[in-house]
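For what it's worth, full-length UniProt numbering labels the leading residue of the sequence shown as 1, then goes sequentially.
Built from N, CA and C at the ideal position, the CB exists for glycine as well.
For reference, the structure is listed below as structure tokens.
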Amino acid sequence: MIQWKCPACRVSSPTLLSPQPTASLDTVLSEIREMKHQLLDLPTLVNDLRSIKDELSDLKKCYDFSSGRLDEFDTRLNNLESKVSEFEKVQDTVLSLQSELASAKLELMSHDQRSRLNNVEIKGVPLKKDENLFSIVEAIGRKIKYNCPKAQINYISRVPIHNSKEKLVIVSFLNRYVKEDFVAAARADKDLSTSDLGFQGASHRIYVNDHLSVESKKLLNKTKIIAKEKRYEFVWVKHGKIHVRKNVNCNTFIVRKEQDLNKIV
């Protein structure tokens, strides 16, 4: 039903406006199409995520495996370190025992040599049936001009030489100083020979030296070989000890054990 209004009222009443849409239909459709386009990539993204998930799972397995191997390696390393520690202790023990053995051997060698300090070794005296060794020593004393009465001798005997038919004459004196003087006089006589003792036939040199133990003789031979190689001029034995001197201008040193051979340079 139409209501009547006066012209003035019609002028003052507001005009009703039709509502305006916030977005056009085309815009909405465009956005929907864009969303649909983006959704087309969703399966690919899902697959990529699954692939990443699988890779992460594999990586975790590798990590767990590596972690287990590292734990195993750490255990083996600890066991190895423990064994090395035990080995070092055993090695220290062996070195200590070797040192003690070397010291004991040196002491035994020294004791053996000290027991021979009063002895002289006479080499080159031919064997003779019914020989009188005291007479032989007396004849040597006359030749070297050193009187050695029988009363100064503790004992005298023949001793075989290894791998030889020859036998040494070993004289043990009661007094060490008599022994030293006897050796010094014999060494001063450079031509003591078998003819001086009344032996017939070809004359051979007779040598009078300190009576060395078997080990001391081995050490003396090694010393002579090395000294010759290193051009040392003097190697001699005095008071049962091995003396070495490079030349007249150098100091003398004593070789008591094999390690001392390193001094010959």
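Pick out whichever of the options has its Cα sitting closest to the Cα of residue i.
{"i": "S213", "options": "I226, F182, I161, D196", "result": "I161"}
{"i": "K128", "options": "E233, L168, F182, L29", "result": "L168"}
{"i": "S164", "options": "C148, G124, S193", "result": "G124"}
{"i": "I122", "options": "V28, S30, V208, K224", "result": "V208"}
{"i": "K238", "options": "K228, L219, T44, D210", "result": "D210"}
{"i": "K179", "options": "K228, C148, T223", "result": "C148"}
{"i": "D189", "options": "Y146, W236, K228", "result": "Y146"}
Measure the C-alpha to C-alpha separation of residue i and residue j and round it to an integer number of angstroms.
{"i": "I254", "j": "E138", "result": "33 angstroms"}
{"i": "F134", "j": "K150", "result": "7 angstroms"}
{"i": "D181", "j": "G141", "result": "11 angstroms"}
{"i": "K230", "j": "V265", "result": "6 angstroms"}
{"i": "S51", "j": "M35", "result": "25 angstroms"}
{"i": "E88", "j": "A104", "result": "24 angstroms"}
{"i": "Y155", "j": "H111", "result": "20 angstroms"}
{"i": "E86", "j": "I206", "result": "59 angstroms"}
{"i": "A102", "j": "L95", "result": "10 angstroms"}
{"i": "L42", "j": "D54", "result": "18 angstroms"}
{"i": "E81", "j": "R69", "result": "18 angstroms"}
Would residue i and residue j be called neighbours here (beta carbons separated by less than 7 angstroms)?
{"i": "I170", "j": "V183", "result": "no"}
{"i": "Q113", "j": "G198", "result": "no"}
{"i": "E215", "j": "M109", "result": "yes"}
{"i": "I226", "j": "L261", "result": "yes"}
{"i": "A186", "j": "I153", "result": "no"}
{"i": "Y232", "j": "K246", "result": "yes"}
{"i": "K222", "j": "V235", "result": "no"}
Return the chain-ordered list of same chain residues with a C-beta closer than 6 angstroms to the C-beta of residue i, the five sequence neighbours on each side being excluded.
{"i": "S157", "result": "I170"}
{"i": "S67", "result": "none"}
{"i": "S195", "result": "S203"}
{"i": "L106", "result": "K257"}
Problem - Given 8 angstroms, three or more beta-carbon pairs between the stretch 167–181 and the stretch 117–133 - result: Segments in contact, yes.
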